[in-house]
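As C-alpha cells, the structure follows; a few thoughts come after it.
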Amino acid sequence: MLSRTAENLYWLARYVERAEYLARTIDATLRVTALPAAYIGKTNEWDSALLTAGVAASFYQAYEEANEHNVVEYLSFSPNNPSSIRNCIEAARLNSRSVRTALTSEMWDTINSAWIELQAVWSKGTSTREDLAKFLRFVQETSLRFDGSAYRTMLRNDAYWFSRMGVHLERADNTARILDVKYHVLLPEEEHVGGPLDFYQWSSILRSVSALTAYHWVYRETLKPWLIADLLILNDTLPRSLASCYGNLVRNLDQIGVAYGRQGPAQRHARGIRNRLEHSNMNDIFQHGVHEFIQEFISDNSRLGEIITKQYLI
Amino acid sequence: MAVAFDEMNIPGGDLRPAYQELARWLKETPPEALEYRRQEAELLFRRIGITFAVYGDSESTERLIPFDVIPRIMSGNEWARLEKGLKQRVRALNMFLRDIYHGRDILRAEIVPDDLIFQNPVFRPEMNGQQVPHDVYVHIAGIDIVRVDAEDFIVLEDNARTPSGVSYMLENREIMMRLFPDLFARHKVAPVERYPDELLSALRSVAPQSASGEPTVALLTPGVYNSAYYEHSFLADKLGIELVEGRDLVVKNNEVFMRTTEGLKRVDVIYRRVDDDFLDPLTFRPDSVLGVPGLMSAYAAGNITLANAVGTGIADDKAIYSYMPDIVKFYLGEEPILKNVPTWRCREPKDLAYVLDNLSELVVKEVHGSGGYGMLIGPAATKATIEAFRDKLKREPEGFIAQPTLALSTCPTCTASGLAPRHVDLRPFVLTGSKSTTIVPGGLTRVALKEGSLVVNSSQGGGTKDTWILDE
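If you want it as C-alpha cells, here you go:
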C-alpha cells in the first residue's frame, strides 16, 4: 500500500485513541475534584490532568491558572492546543478523507458523523457539567464505535495492522504518562508519601484507563498501589497495560513482516521492549525506581514510533 | 426569449411518452412523501460525505450539491441519436489533437487559424511530435449537452481536460434506487453502474509498451482540498486503484514509481485529475507542489500514459469550439450529428461589432474560463454590469466569445411551491480506449434550481438529478 495511506491510517487510529484518552482523563479528574478537599490532599488535580496529557507547558503560555474551566476548555475544545479533543477529531476526519479508499464505510461513517456532530452540537463547547458529561460520553462512544467498526469490518491486511499499531502505540504512551505523573502515589506502602486518602487517587488512575472493575476481577483485593502498578505495567490481560500493548505491537509488526517477506528495525525494537516487560517483575521495577522505568519506557515507545515511520511511512 | 422546451409536457396538455409512468406515479404519491424522501436523500449525501468545496467561500468549506429527486427521463431512441453524435464528436476531438501535435493538416487547409493554436496558452509545445499510445488523447470526455427542442442536441461545451461529475451520476443513481425502488420497478432504466469497469479497461488498454502484462493504474489527485476530491477518492475506490498525490510519486530513470510500504512500485497509467500546469514543476509551473518532478520526461520517454493526455485543452478551448462543426467535417467527412450553439468570435471585428450592439441579449464567455465564472448573461444583467463588461470586451476582444441566450429545456423539479419546470443540461461521459469508444447510458443532469435561472453550475447554486435512459 501507499506509504502515505499507511501513515494516515496509523495517525487516524492514534488521534481517535488520544481523543478517548483525554475524555477519560477529564472524566476521572472531575470525579476526584468533586470530592471534599480532605479526601484528595493538596495536589491540583487539573494540573496533573495537563501533565498526563503532555500539554502543561503550552497550557501555561495561554492561561494563568489550571482550574476546571481552563483545563476542560484547553483539553477539549481549544483550537490552539494541537491535541485537544476537537483537533484530534478534526485531524482524524482529515486523515480519513485522505484515505477514504482504505477505510470501510462503517469506519468512515463513524468519523464523519462524529465530525458532523462536533460542529453541529459542540461548536461552542459546553456550558454545564451535564453538557460536559454528554460531550465526554460522545467522545468515548466515537472511539468505541471506531474501534468496533475497524475490528468488525476491515480486511486483515497491512491496512488493519498499521491502524492497530497506531492504537497500541498511542495507548501505551497514554498509560505510561498516567503512571509517570502519578507514580508517587503508587509507591509501596513503606515508601509512601501520602496517606490512606490516596485511595481516591488510585481509583482515579484506574478509572482513567477503564480498569477499576478489571482490578477487582484480577486481584480480588482492595486497592493496593503496587498491584495497580502491576496491572497497568505488566499484566497482559488488561488491554491498556504496557505489556498488552506491546504484545499487540509485536504481533502486528510480525504480521506485516510476514506479509512483506521482510523484517526490520521496527520488529527488533518492539520485540526488545516486549521482552523487557515480560521478564520484569514489580519488585525489580520498584528497586530500580518506577519513575526511571516509566521514563525509559516513554522514550523507547516514542523511538518505536520514529522507527516505524522511517521503515514504512515515508 | 423563446419559450423553453419542456421535456415532460407537450403544449396542449399531453405528456411525452418517456414521462407517462412518472406522471402517473407523481399523481399517486402525496407531496409529503416526496418531501420526506428528499430530506432522506440529503441526509444520505451528507453522511456519505459527497461534498464539494467552493473556492473563495469561507463560510463552509464543504457543501452539498442540492439533489433533486425527480429523475430526468430520455427515451431509448433519443439516447441512441445522442450517443452516435457524442462518439462522432469525441473521435473528431482526438483526431484534431493528433493533427495539431503532428502534421497540422487542418492549419494548412486553413480551417482553423494558426494563431488560435500557437498564441493559445493551453497549447503545449512539449507535445509536438510526442507519440501517445493508440493516438488517444482524450480518454475521458464530458460533453455538455443542452436541448432547445425535441429534435436537436446541442453541444454547449466540450470538456477534454479533467471533466468531473461522474461520481454524481453514479451516486445519484445509488440513492434513487434506495429511495424509490417502486419507481424503478415501473420503468426499465438502463443501468450506469458499469462505468468504473469501462473506465478501468479503457485506462489499461492505453498502457505504454514498456508496461508489464498487468499494467498498474493510479489516480492522481491534487489532494483533499480540491473541490472534486470526493470524486477522486470515490473513483479510485470503485476502480480498485491507488489514489495518489504528487508526493507519493517519484521519477527514476524516466520511470514513474509510487512510494509504498514495501518500497517503490512502478506505475504505468495515471488517470490524472491535476491540470497540465501543475503536473511537473520542472516543465510547467515551477511553484507547483501538486505535481511530480520529472513526470514529463518519463512521459516523453513513453514509460507512462497520462489520461487525459497533456495539451488537450487546445481541443476544448472556447475559441476553438466555434470551429468544431468544420473540424468534424474535415477529419470524418461527415455532417456533425450534434449541433453547436451559434457563436460570435469577438476576435473578428464584424462579430465584435454585433456583440457590442446586442450585449443585453447575449451570453458572453471568457475563452479560457470555466465553472460559470466570469461570464455575462445579458438578459439577467444590470445596466452597470453590462457597461463594465463592454469595457472589458473592447480592451481584450480575443478573450471572449458570445452566444445567444438559449432557452434551455426544462424538467419538472421539486421547489418550495411544489413541482415546477427548471432548466437543465446534461453531461454524458465518453470513454475512449485503444479499441473502442463507450458511453454509459446517462450522464450528469444539472439543474438551475432558481426560477428562470439558466446557470446550472454547482459553484453557482445549481443542483443535480438522476438521468434515466429508458431501455425500450
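For the protein sequence lines, the chains are A and B, in the order given.
Terminal number for the first sequence in our numbering: 314, no gaps in between.
Terminal number for the second sequence in our numbering: 472, no gaps in between.
Glycine included, each C-beta is placed from N, C-alpha and C at the ideal position.
Contact with chain B by residue i, beta-carbon distance below 7 angstroms
{"i": "A/Asn67", "result": "no"}
{"i": "A/Tyr160", "result": "no"}
{"i": "A/Arg4", "result": "yes"}
{"i": "A/Glu165", "result": "Note that residue 165 of chain A is Met in the sequence shown here, rather than Glu. Judged by the 7 angstroms Cβ criterion, A/Met165 is not in contact with chain B."}
{"i": "A/Tyr260", "result": "yes"}
{"i": "A/Gly194", "result": "Note that A/Gly194 scores a pLDDT of 49, beneath 50, so its modelled location is shaky and nothing firm can be said."}
{"i": "A/Thr101", "result": "yes"}
{"i": "A/Asn252", "result": "no"}
{"i": "A/Tyr10", "result": "no"}
{"i": "A/Tyr15", "result": "no"}
{"i": "A/Leu98", "result": "Here residue 98 of chain A is Ser; the residue named in the question, Leu, does not match the sequence. Output row for A/Ser98: interface = yes."}
{"i": "A/Met1", "result": "yes"}
{"i": "A/Asn112", "result": "yes"}
{"i": "A/Tyr312", "result": "yes"}
Among the options, the one whose alpha carbon lies nearest that of residue i
{"i": "B/Lys87", "options": "B/Phe123, B/Val3 and B/Thr432", "result": "B/Thr432"}
{"i": "B/Ala298", "options": "B/Gln131, B/Leu43 and B/Val69", "result": "B/Gln131"}
{"i": "A/Asn252", "options": "A/Thr29, A/His168, A/Lys224 and A/Thr52", "result": "A/His168"}
{"i": "A/Ile233", "options": "A/Ser113, A/Tyr74 and A/Arg276", "result": "A/Arg276"}
{"i": "B/Gly378", "options": "B/Leu107, B/Asp357, B/Pro397 and B/Ser458", "result": "B/Asp357"}
{"i": "B/Thr216", "options": "B/Tyr354, B/Glu42, B/Glu157 and B/Asn303", "result": "B/Asn303"}
{"i": "A/Glu20", "options": "A/Glu106, A/Ala92 and A/Phe297", "result": "A/Ala92"}
{"i": "B/Met127", "options": "B/Leu107, B/Asp99 and B/Ala380", "result": "B/Asp99"}
{"i": "B/Gly442", "options": "B/Ile469, B/Asn172 and B/Ser164", "result": "B/Ile469"}
{"i": "B/Asp152", "options": "B/Gln460, B/Glu472, B/Ser459 and B/Leu408", "result": "B/Leu408"}
{"i": "A/Glu17", "options": "A/Tyr151, A/Pro82, A/Asn157 and A/Gln140", "result": "A/Gln140"}
{"i": "B/Pro397", "options": "B/Ala185, B/Glu348, B/Pro125 and B/Val424", "result": "B/Glu348"}
Short CB-CB distance (under 7 angstroms) between residue i and chain A
{"i": "B/Asp57", "result": "Bear in mind that the predicted position of B/Asp57 carries a pLDDT of just 45, short of 50, making it unreliable; the figure below should be weighed with that in mind. With 7 angstroms as the cut-off, B/Asp57 does not count as an interface residue toward chain A."}
{"i": "B/Leu243", "result": "yes"}
{"i": "B/Ser233", "result": "yes"}
{"i": "B/Asp425", "result": "no"}
{"i": "B/Thr312", "result": "no"}
{"i": "B/Glu32", "result": "no"}
{"i": "B/Glu214", "result": "no"}
{"i": "B/Val224", "result": "yes"}
{"i": "B/Thr221", "result": "no"}
{"i": "B/Asp268", "result": "no"}
{"i": "B/Gly246", "result": "no"}
{"i": "B/Glu262", "result": "yes"}
{"i": "B/Ala236", "result": "yes"}
{"i": "B/Gly418", "result": "no"}
{"i": "B/Arg186", "result": "no"}
{"i": "B/Gly49", "result": "yes"}
{"i": "B/Arg81", "result": "no"}
{"i": "B/Arg390", "result": "no"}
{"i": "B/Arg259", "result": "yes"}
Contact under 7 angstroms by Cβ, residue i with residue j
{"i": "A/Phe162", "j": "A/Leu9", "result": "yes"}
{"i": "B/Arg427", "j": "B/Val447", "result": "no"}
{"i": "B/Ile337", "j": "B/Lys27", "result": "no"}
{"i": "B/Gly49", "j": "A/Asn112", "result": "yes"}
{"i": "A/Thr52", "j": "A/Val181", "result": "yes"}
{"i": "B/Gly313", "j": "B/Arg161", "result": "yes"}
{"i": "A/Tyr219", "j": "A/Leu212", "result": "no"}
Expected contact under 8 angstroms - CB spacing of residue i and residue j to nearest Å
{"i": "A/Ala102", "j": "A/Thr5", "result": "5 angstroms"}
{"i": "A/Ser241", "j": "A/Leu231", "result": "6 angstroms"}
{"i": "A/Thr153", "j": "A/Thr104", "result": "4 angstroms"}
{"i": "B/Thr260", "j": "A/Met1", "result": "6 angstroms"}
{"i": "B/Pro445", "j": "B/Lys465", "result": "Here the sequence assigns Thr to residue 445 of chain B, which means Pro is not the residue at that position. Indeed, because the Cβ distance is near 4 angstroms, the residues count as touching under 8 angstroms."}
{"i": "B/Ala18", "j": "B/Ile73", "result": "4 angstroms"}
{"i": "B/Thr413", "j": "B/Asp68", "result": "5 angstroms"}
{"i": "B/Leu203", "j": "B/Tyr271", "result": "6 angstroms"}
Distance cut-off 6 angstroms: residue i Cβ against heavy atoms of the ligand ZN
{"i": "A/Ala150", "result": "Of the ligands one can find in the structure shown there are none, so the ligand ZN has no counterpart to examine."}
*Please determine if the stretch 348-362 of chain B and the stretch 401-409 of chain B are in contact, where contact requires at least 3 C-beta pairs separated by less than 8 angstroms.*
yes
*Residues, ordered as in the chain, of the stretch 199-211 of chain B that lie near chain E by beta-carbon distance below 9 angstroms*: Judged by its chain identifiers, the structure shown contains no chain E, and its protein chains are A and B.
*Is the stretch 135-143 of chain B touching the stretch 301-321 of chain B, taking contact as three or more C-beta pairs under 8 angstroms?*
yes
*Determine contact between the stretch 291-302 of chain A and the stretch 252-265 of chain B, defined as no fewer than three beta-carbon pairs at a distance below 8 angstroms.*
no
*Does the stretch 104-113 of chain B come within contact of the stretch 447-466 of chain B, defined as at least 3 CB pairs closer than 8 angstroms?*
no
_Given 8 angstroms, three or more beta-carbon pairs between the stretch 329-337 of chain B and the stretch 229-236 of chain B_ = no
*Cβ contact (3+ pairs, closer than 8 angstroms) linking the stretch 187-205 of chain B and the stretch 157-175 of chain B*: yes
_Cβ pair count under 8 angstroms reaching 3, the stretch 90-107 of chain B against the stretch 341-352 of chain B_ = no
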